[in-house]
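Asker:
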Amino acid sequence: MDFDKAMDSLDLSKVRDRGSKKWVAMMLPEHVKLLREYMEEQKKAPRPDLDEWDLDIIQENIQLAMKRNVEVEIKTWRNGAFHTHLGKVTWVDINRRTIEMEDVFNSFTLQLDEIVDVTILL
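Going by full-length UniProt numbering, the first residue of the sequence shown is number 1, and it counts up by one from there.
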């Protein structure tokens with residue numbers, strides 16, 4: 001009974017913990033570096049798992065965009081991050097596994113293996 005009363009009267013809001021600051025002095029620079037690398041690795045997005053249906057849709061959208069000569073939005077995944085590219089598909093090179101595109105300012109090349117989504121813009 002006395003223990004319960006003591007716990008009820010204990011005010012934890014007055015406890016001031018320094019958090020992780022108290023442990024920083026004991027960490028070696030190598031540990032800090034590894035922790036930063038780990039945190040950067042956790043920020044990366046996993047590569048989407050595309051099945052046969054997804055790949056067929058991507059192929060059809062690329063072919064349709066080339067035939068109609070319309071702009072597309074191609075989403076690629078590289079090194080744990082997604083990138084969006086806008087432009088018109090000018091050429092698909094199956095041997096090199098690349099797509100050549102051009103936008104208003106320049107032309108560029110994308111790797112087929114990095115493409116995760118293709119959207120035709122009307």
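Glycine included, each C-beta is placed from N, C-alpha and C at the ideal position.
1. Does DSSP put valine 92 in a helix, a strand or coil?
2. Check each candidate in His85, Leu64, Gln111 and name the one with the smallest Cα separation from asparagine 95.
3. Rounded to whole angstroms, what's the CA-CA distance from aspartate 54 to glutamine 63? Just pull it up for me.
4. According to DSSP, is alanine 45 helix, strand or coil?
5. Look at the Cβ atom of leucine 121, then the Cβ atom of valine 72, and state whether they are nearer than 8 Å.
6. Check valine 70 in the structure and name its three-state DSSP category.
7. Valine 89: buried (16+ other C-beta within 10 angstroms of its C-beta) or exposed?
8. If you check the beta carbons only, do proline 48 and valine 116 fall under 8 Å apart?
Answerer: Working from what's here:
1. strand
2. Gln111
3. 14 Å
4. coil
5. In this structure, valine 72 lies closer than 8 Å to leucine 121 by Cβ.
6. coil
7. buried
8. yes
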